[in-house]
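Okay, so the sequence shown: first residue is 1 according to full-length UniProt numbering, each after it adds one.
Where is the CB? At the ideal position from N, CA and C, for every residue including glycine.
Bear in mind the structure is a predicted one, so any value in this text is a computation, not a measurement.
Report on one structure; see the data block that follows.
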Amino acid sequence: MPSVASGGVRDSTQSNNQSSGTPSKADFFTRKQKIAQQRKSLPIASVEKRLVEEVRSNDILIIVGETGSGKTTQIPQFLFNAGFCHDGKIIGITQPRRVAAVSVARRVAEECGVELGQRVGYSVRFDDMTSSSTRIKYMTDGLLLREALLDQYLSRYSVIIVDEAHERTVPTDVLLGLLKSVQKLRSGSINQLPNIEHMKADNGALMDKKNDAQRASILKQCRVGIKLSPLKLIIMSASLDARAFSEYFGGAKAVHVQGRQFPVDILYTRHPETDYVDAALITIFQIHLEEGPGDILVFLTGQEEIESSERLVKERLRQLPEDKQMLKVLSIFSSLPSEKQMQVFMPAPTGFRKVILATNIAETSVTIPGIKYVIDPGLVKARQYSAHTGMESLIIVPTSKAQALQRSGRAGREGPGKCFRLYPEREFEKLKDSTLPDILRTDLSNAILQLKALGVDNILGFDFMEKPKSEAVVKSLELLALLGALTDEYKLSDPVGHQMARLPLDPTHSKALILASQFNCLEEMLIAVAMLSVESIFYTPREKLEEARNATKCFSSLEGDHQTLVNVYRASDEFFEKTKIGNSRENAEKNLRKWCKENFINSRSLRHARDIHRQIRENVEHMGLRVASCGDETIQFRRCLAATFFLNAALKQPDGTYKVLSSGQTVQIHPTSVLFRKKAECIIFDDLLRTNNNYMRNVTRIDYLWLPELAPQYYALKG
Ligand SMILES: Nc1ncnc2c1ncn2[C@@H]1O[C@H](COP(=O)(O)OP(=O)(O)OP(=O)(O)O)[C@@H](O)[C@H]1O
């Protein structure tokens, strides 16, 4: 059991335990004053002038400063005030995660006293909160990469800040290389048309309607030969290896901002925990019952673990005396719709303490008001790609020291904090300093598609900070070629490759949509792809397994999980349309939530899927793809799935396991699949999950003979 120091630190400045309501004018001014004071007391405030000077005199600057010292929220404001946005230029700040981009933009808009989306805004996949007046723009690294597809000079930006660079996501690594060359381009004059082959008006979708105007304006600038001002580049983090980054950027200057706002006590367990979820639950209650005021943030590994822990906390809470039950449980993970994610940033109701169960999306950049205690079991779910099989799987691994530091940094932002690491100190010493860059351990096909669309043909020649393994690059190139995104010369194909690069989805899902318009089943495929983009549509509590199974039977299709997902979506849509008649939207949504509960559907995930569906439908319509339904001819839908997921085809073996045809791997159908009990001879699957077995998730039965017919580029060669 984790040891918890008794007698908590009471922080009189805690302001979270107040009810939310419309603030009065007095409240508003008090809050404004408090924010101004908070800003002044940040360690970074005392070095504003020096930092601005450093940015003026260095085109590339690396800034390292303690978590919570004010890098993310303050530096863009310093630069704005120093005139870096004159001529309407923008300061862009990238974040590895959307939740950070959204929440930090909100905070900075409030600090500036402006409406979100005006001077300060954010832009993340499927959600754009910017306007023509936006000058400080927070966004995901992936989004800036997509912008570069339309404007390789990133001409609207005067400064780009790559925040949390230590995370080394694939988009961050690609961005770093790209920004280096953008800087070189921008330091010269551009009086000739750039290589904008990829920007030419095809029938491919652009990311949003604004882009047409944006593209036209860039072209105009290029034609008249406007000299663009140099681009300033800032790389930031609390835990990055400044020397490695400096070397990569040709000896760029690194500055260290000293000082942290409040101390965070780190506590370790005496012995390793055998059941970290249980240990986390015990620690939550120890803090709740024994420590002073302050909210709790717990890091878990995924949605399912969070949802089951949420139920357990609520259950255990009910067993406490009534006056001890004032604990509000909230959760945050990536597939949660944005507005739900934002709820964790709201103060707990009066008299309540809040406990937030989070994945690593709350690990960097965010400040969750009220958090004083962090519980860190020291684990994270990470992707692992095998170039040998071409498959990516998710595994639970120990965090790095950098991640542990970031996690503890979520406390101590508004007052002193405590971090409970649920492992012994000697284990901490054994952790790797930093997380292995994603580029060395994930599937690269999406990144390569983006690079090709940016005109980078020689992928291994690209200036990566760390070169991906050539085996992984070759495998991804092969995959893209087999999907038809690349020509025989490994150039981006027209129109398929261009269209795939423009869809904000992974390449296989993008290809599924493009093919579906030819198979007359794009309506079904849009639903399937939207539903596959969220985690866990079905909600199956362990204690109600049989009840849940019976309730979801009506949606099940023996053809497989894809058709089942389509059935769920359509049934929910039908119900929603019916309940909307004579009801307010709010009531209709409430009824839909009730319907979901009765049918053991995860209403959060379903809402998110509906949102994604709306947006990708707009994308494909903009591309000019024909959106039609195959109606009762569902075989068309399955044939289209076979034509897309042919590399994920598997054949049943006499012992009931399956063999993946492309890799020879032995795999099993995941127990949640509708085909788990009614096994088909030949199937395709969406993804592989590696736990104690290799599980195929989202499976559909196909006819073996379809493979050489629909994917001759692979099966004809294979023989
Ligand atoms: N939403 C918020 N509510 C209350 N205080 C906030 C909020 N956002 C930021 N702050 C305050 O501003 C401080 C600076 O936050 P900021 O995100 O700029 O720090 P940082 O140096 O970028 O940290 P990190 O390296 O952890 O991302 C926080 O420590 C906190 O005191």
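query                                                                                                                                                                             : result
So for Asn694, helix, strand or coil by DSSP?                                                                                                                                     : strand
With DSSP as the reference, identify every bridge partner of Leu330, one or two as the case may be.                                                                               : Ile356
Should the segment 516-528 be regarded as contacting the segment 580-596, the criterion being three or more beta carbon pairs within less than 8 angstroms?                       : no
Helix, strand or coil: which one does DSSP assign to Gln95?                                                                                                                       : strand
For ligand 3, enumerate in chain order all residues having a CB closer than 5 angstroms to any of its heavy atoms.                                                                : With respect to small molecules bound, the structure shown includes ligand 1 and not ligand 3.
Can you tell me whether Phe78 is helix, strand or coil according to DSSP?                                                                                                         : helix
State the beta-bridge partners of Leu394 as determined by DSSP.                                                                                                                   : Arg383
Within the same chain, show all residues whose beta-carbon is closer than 6 angstroms to that of Ile93, passing over the 5 residues directly before and after it, in chain order. : Pro76, Tyr138, Ile161, Asp163
To which residues of the same chain is Lys314 closer than 7 angstroms at the C-beta, ignoring the five residues directly before and after it?                                     : Val329
Along the chain, where does the alpha helix (DSSP H) that runs through Ser482 open and close?                                                                                     : Ser is not the amino acid found at residue 482; the sequence shown has Leu there. Looking at the DSSP string, the run of the alpha helix (DSSP H) that includes Leu482 is 470-482.
Say whether the segment 97-108 touches the segment 50-69, bearing in mind that this needs 3 or more beta-carbon pairs closer than 8 angstroms, one atom from each stretch.        : no
Helix, strand or coil for Ala628? Go by DSSP, reduced to three states.                                                                                                            : coil
Within 10 Å of its beta-carbon, does Ser131 have 16 or more other beta-carbons around it, so buried, or fewer, so exposed?                                                        : exposed
So, with DSSP's three-state summary, where would you put Lys432?                                                                                                                  : coil
Is it true that the segment 48-62 meets the segment 233-253, where meeting means three or more beta-carbon pairs spaced less than 8 angstroms apart?                              : yes
Out of Arg441, Arg413, Met346, Glu633, which one is the CA nearest neighbour of Val397?                                                                                           : Arg441
Give me the Cβ distance between Phe464 and Asp173, rounded to the nearest whole Å; I'm assuming they're in contact under 8 angstroms.                                             : 6 angstroms
What's the C-alpha gap between Ala447 and Leu317?                                                                                                                                 : 45 angstroms
Leaving out five residues before and five after Gly70 in sequence, what residues of the same chain have Cβ atoms less than 7 angstroms from its Cβ?                               : Leu42, Pro43, Ile44, Ala45
Once the 5 residues before and after Lys678 are set aside, which same chain residues still bring their CB inside 7 angstroms of it?                                               : Leu558
Using CA atoms only, rank isn't needed, just tell me which of Gly656, Ser533, Val566, Phe645 is closest to Ile616.                                                                : Ser533
Can you have a look at Cys554 and say buried or exposed, based on whether 16 or more other CB atoms are within 10 angstroms of its CB?                                            : exposed
Determine, using beta carbons only, whether His622 and Leu526 come nearer to each other than 9 angstroms.                                                                         : no
Skipping 5 residues on each side, what residues in its chain have a beta carbon closer than 7 angstroms to that of Ile276?                                                        : With the sequence shown as reference, residue 276 is identified as Tyr, and Ile is not the correct amino acid for it. Excluding positions up to five away in sequence, the list reads Pro377, Leu379, Leu422.
List the DSSP bridge partners of Thr634.                                                                                                                                          : The partner list for Thr634 (beta bridge, DSSP) is empty, contrary to what the question assumes.
Is DSSP giving Thr30 helix, strand or coil here?                                                                                                                                  : helix
Within 10 angstroms of the Cβ of Leu545, are there 16 or more other Cβ atoms? Answer buried if so, exposed if not.                                                                : exposed
In the DSSP assignment, find the unbroken alpha helix (DSSP H) run with Met139 in it and report its ends.                                                                         : Segment 136-140 is the beta strand (DSSP E) holding Met139; no alpha helix (DSSP H) there.
Which partner residues does Thr274 have in the DSSP bridge list?                                                                                                                  : Per DSSP, none; premise fails for Thr274.
Distance, Cα to Cα, Asp433 vs Thr140?                                                                                                                                             : 24 angstroms
Buried or exposed for Glu363, going by 16 or more other Cβ atoms inside 10 Å?                                                                                                     : buried
Mind listing, in chain order, the continuous alpha helix (DSSP H) runs of no fewer than 4 residues lying wholly within the segment 494-574?                                       : 496-502, 507-518, 522-532, 545-552
Is Gln653 helix, strand or coil by DSSP?                                                                                                                                          : coil
Which stretch, first to last residue, makes up the beta strand (DSSP E) that contains Asp376?                                                                                     : 371-376
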